[in-house]
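2 protein chains.
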Amino acid sequence: MKHDQHKILDCTIRDGGLVNNWDFSVEFVQDMYRGLNAAGVEYMEIGYKNSAKLLKSDNAGPWRFLNEDFLREVIPTKNDTKLSALVDIGRVDENDILPREQSQLDLIRVASYIKDVDKGLQLVQKFHDMGYETTLNIMALSHVMENELNEAFELINRSPVDVVYVVDSYGSMNHKDIDYMVNKFQRLLPEKKLGLHMHNNMQLAFSNTVIGAEKGVEFLDTSVFGMGRAAGNCTTELLVSYLKNPRYDVRPVLDLIERHMVAMREKVEWGYIIPYMVAGTLNEHPRVAMAVRNTADKDKYVEFYDKLTTPETIANN
Amino acid sequence: MKHDQHKILDCTIRDGGLVNNWDFSVEFVQDMYRGLNAAGVEYMEIGYKNSAKLLKSDNAGPWRFLNEDFLREVIPTKNDTKLSALVDIGRVDENDILPREQSQLDLIRVASYIKDVDKGLQLVQKFHDMGYETTLNIMALSHVMENELNEAFELINRSPVDVVYVVDSYGSMNHKDIDYMVNKFQRLLPEKKLGLHMHNNMQLAFSNTVIGAEKGVEFLDTSVFGMGRAAGNCTTELLVSYLKNPRYDVRPVLDLIERHMVAMREKVEWGYIIPYMVAGTLNEHPRVAMAVRNTADKDKYVEFYDKLTTPETIANN
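Protein sequences appear in the order of chains A and B.
Numbered per UniProt numbering, the first sequence finishes at 317, counting up by one with no gaps.
Numbered per UniProt numbering, the second sequence finishes at 317, counting up by one with no gaps.
Next comes the structure, spelled out in structure tokens:
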């Protein structure tokens, strides 16, 4: 494994926002930028660049609908760490996007299900033409059939996208799945860089990420203290500690955890929580588990397990 | 990976007792036995068989100094799940041990540092002669030099011990270390079964365990909800879900977590806690982290990190 072949992309604000409805203060986000920069993290995903016009806002914080004027106030001076935003197909207004030279953003990532890869790549093409680095993040790969994937690869190979991500949306992949997926992506997308975005339902997010990194995957998603939807992500502090690159320093990440994340974890929940673990082992979307965690039955694990494993439930899923 | 080549050894009561000073009620332990038996778990480690005469008791619960009369009251009728106890060198009184046919225990495990393997194997020989299954659990392997290990292997090969464990006492091993260790143990101890006892400081306990299992390691230590010293262990619920053996059923384990472990975790702590993570990444014994967690400075992560990484501290360690 070469010292400098990896890029860490910290998505605490974007993915963690799914947990607290993007209720992060400006000071917190500024502090996160300073900390990640000091830690040597290459990219910070500072939110979604979706359009409030196309989506009910539900009083979400500003990191859900990033605005360039606002971003310039938050991070007036950029350091080494680049800024990234994620967009969802059908939720982004392309007229919202400035050309890169006028933007605080360096990278725009497009999240796509396999059936929408054509639409995703259309967006990628536009962002690419505007000067951005681009990624295509293929979600829910554990539910994709090989023939669909092969078709998508043909489109991807003809697009200018820089990085293609394996997204383990359900937190159901293990090291054998990573081995298989990365081999396949490397073989069929020989010109593209690859990325990994793992979820921690089975306590495998960090392990899967380093196993992929050692196979040559370049872009590695993390979040500080693992903050992210449901079971959360590969933690920034573990990956920064693990990768043998002198640019990385875990100390500023520990500082962020100490000053912010422990208190935040007391207010909102993510991580190894049994309904998320059950959903992960069953290769199911975490939405049913997230729903039950908002009810008085949140710790009725056996009932939840029975619900997910009775044939009627599966048939209606 | 064959269906039936693995044995799960749940050590919740023994290793978890290090967290709560073995303060488990008889009803809880009985319920644990029923649940593990229903889950198909092959062994339950029900405590330490050390001698209260040789060790300050500190008001520890009865699972620290197992007594056969007491054990017979707790588990009058055994089912499929066998019972195990751990002993420490210098803390066990051999006269306390009944011949196996008079005992509730099936397996006695001897924990040993590399320098004491000779003493450990002397105990193994005695327990073996009394009819027990035996294991030798070599602790702190991440701090052992190859020449010491090679010497120990010669002694082990001449002993009747059934299983030899790789114990990741510091939670500092990753998949490459497991690969290396298991290959070495398999090559140099060709007649012995192997075991793994992992700690979860870096969220790698489950991953390391399954990677070892796939390489042919037979005995796999777990604990329910990961309850164990410091960062805790590979969780029983994840391993039972993962191994493709129809004898295993995760449902009774979820039931144990729901009825007992969530409340217990609110009273005492274990798991992914930053000082344990830091100690793991630095390959240090968790005792310094455990000490700091009992002080008002328990969440001063940067201070803790600085303490462990300044040269003076290391020199005095």
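All residues carry an ideal CB built from backbone N, CA and C; glycine is no exception.
As the structure is a computational prediction, the values presented were derived from the model and not from experiment.
State yes or no: is the beta carbon of A/Val-268 nearer than 8 angstroms to at least one beta carbon in chain B? no
Could you please give the first and the last residue of the uninterrupted alpha helix (DSSP H) stretch that includes B/Gly-120? 117-129
Would you report the Cα separation of B/Lys-119 and A/Lys-192, rounded to the nearest angstrom? Approximately 57 angstroms between the Cα atoms of the pair.
With a threshold of 7 angstroms, establish whether the CB of B/His-6 neighbours any heavy atom of the ligand SAM. Inclusion of the ligand SAM in the displayed structure is not the case, the ligand content being empty and no account of it being possible.
Endpoints, beta strand (DSSP E) assigned at A/Asp-88: 82-88
Straight-line Cα distance separating A/Met-261 from A/Leu-149: C-alpha separation (whole angstroms): 37 angstroms.
How many Å lie between residue 403 of chain B and B/Phe-219 at the Cα? Only positions 1 to 317 of chain B appear in the structure, and residue 403 of chain B is not among them; the question remains open.
Backbone CA spacing between B/Tyr-165 and B/Ala-39 [nearest angstrom]: 23 angstroms
Nearest candidate by alpha-carbon position, reference A/Asp-10, set A/Val-19, A/Leu-18, A/Val-41, A/Lys-215: A/Val-41
Give me, in chain order, the residues of the same chain whose beta-carbon lies closer than 8 angstroms to that of A/Thr-309; leave out the 5 immediate sequence neighbours on both sides. Leu-282
CB contact below 8 angstroms: A/Glu-258 versus chain B: yes
The beta strand (DSSP E) that contains A/Arg-109, what's its start and end? Per DSSP, A/Arg-109 belongs to the beta strand (DSSP E) from 107-112.
DSSP on A/Met-145, reduced to helix/strand/coil? coil
Just the C-alpha distance for A/Val-302 and B/Ala-52, rounded to the nearest angstrom, thanks. 39 angstroms
Taking the C-alpha atoms as reference points, what is the distance between residue 319 of chain B and B/Asn-147? Outside the shown range of chain B, which is 1 to 317, sits residue 319 of chain B, and nothing can be said about it.
Does the Cβ-Cβ distance between B/Gly-16 and B/Gly-171 come in under 8 angstroms? no
For A/Asn-183, does the three-state DSSP call read helix, strand or coil? Three-state result, A/Asn-183: helix.
Going along the chain, which residues of the region 283-302 of chain A sit with their C-beta nearer than 8 angstroms to a C-beta in chain B? Asp-299, Lys-300, Tyr-301, Val-302
Please report whether the beta-carbon of B/Ile-211 lies at a distance below 8 angstroms from any beta-carbon of chain A. By this cut-off, B/Ile-211 is an interface position.
Ignore the nearest five residues each way along the sequence and tell me which others in A/Leu-188's own chain have a CB closer than 6 angstroms to its CB. Phe-153
The region 227-236 of chain A contacting the region 178-188 of chain A, beta-carbon criterion three pairs below 8 angstroms: no
Cutting at 7 angstroms between CB atoms, please list the residues of its own chain near B/Gly-35, excluding the five before and the five after it. Pro-252, Val-253, Asp-255, Leu-256
Please name the residue, chosen from A/Asp-69, A/Phe-225, A/Leu-18, that lies closest to A/Asn-59 on a Cα-to-Cα basis. Comparing Cα-Cα distances from A/Asn-59 to each of A/Asp-69, A/Phe-225, A/Leu-18, the minimum goes to A/Leu-18.
For A/Lys-82, does the count of other Cβ atoms within 10 angstroms reach 16, so buried, or fall short, so exposed? buried
Answer yes or no: does any C-beta atom of chain B fall closer than 8 angstroms to that of A/Val-217? no
Excluding five sequence neighbours on each side, which residues of the same chain lie with their C-beta closer than 7 angstroms to the C-beta of A/Val-26? Val-74
In angstroms, rounded to a whole number, what distance separates the CA positions of A/Thr-222 and A/Met-44? 10 angstroms
Determine the chain A residues that contact B/Asp-255 at a beta-carbon separation under 7 angstroms, and present them in chain order. Val-302
Between B/Ile-114 and B/Val-144, what straight-line distance do the alpha-carbon atoms span, to the nearest angstrom? For the pair B/Ile-114 and B/Val-144, the Cα-to-Cα distance works out to about 7 angstroms.
Quick one: is B/Ala-315 near chain A, going by C-beta distance under 8 angstroms? Confidence is the limiting factor: at B/Ala-315 the pLDDT is only 49, short of 50, which leaves the residue's position unreliable and the question unanswerable from this model.
Which residue comes first and which comes last in the beta strand (DSSP E) that contains A/Glu-133? 133-138
In terms of alpha-carbon separation, which member of A/Leu-155, A/Ala-205, A/Asn-157, A/Met-130 lies closest to A/Val-167? A/Ala-205
Any C-beta of chain B sitting closer than 8 angstroms to the C-beta of A/His-6? no
Counting only C-beta atoms, is A/Tyr-305 closer than 8 angstroms to chain C at any point? Here the protein chains are A and B, and chain C is not one of them.
Does DSSP put B/Glu-45 in a helix, in a strand, or in coil? strand
Give the secondary structure of A/Ile-211 by DSSP, where H, G and I count as helix, E and B as strand, and everything else as coil. helix
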